[in-house]
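Chemist:
Residue numbers (the numbering used here): -7 to 93.
1) Check whether the Cβ atoms of residue 5 and residue 13 sit closer than 7 Å, and answer yes or no.
2) Starting from the N-terminal side, write out each stretch of the alpha helix (DSSP H) that is 4 residues or longer and does not extend beyond the stretch -2 to 27.
3) Using a Cβ-Cβ cut-off of 8 Å (strictly less than) and excluding sequence neighbours within five positions of residue 32, which residues of its own chain qualify?
4) Start and end of the beta strand (DSSP E) containing residue 79?
5) What number of angstroms, rounded off, separates the C-alpha of residue 53 from the C-alpha of residue 85?
6) Going by the CB atoms, is the gap between residue 81 and residue 90 shorter than 7 Å?
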């Protein structure tokens, strides 16, 4: 069985005032005319759920919050799925591409 893979365009925003921010652009189309967003199954609507969560948040005596801003790649990936999670990276435009898996 052939392994289907899709590579996502990655760019970064570097400013002296802020930390490095990496952007994964899953809207980029391939030579076939499809993007990763076209091929993934769409999940449910999150806006309504988020609104109801925030309104219920105030009803309880105790609550907790967490910062998930650095969560990506901080979780264990099933070994059978790791082949789908690769990143190509260039420090500078004149350098060769490095592959991180």
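Note that CB positions come from ideal geometry on N, CA and C, so glycine has one too.
Modeler: So, from the listed chains and residues:
1) yes
2) none
3) 18
4) Membership of residue 79 in the beta strand (DSSP E) is indicated by the continuous run 79 to 81.
5) Residue 53 and residue 85: Cα-Cα distance of roughly 53 Å.
6) yes
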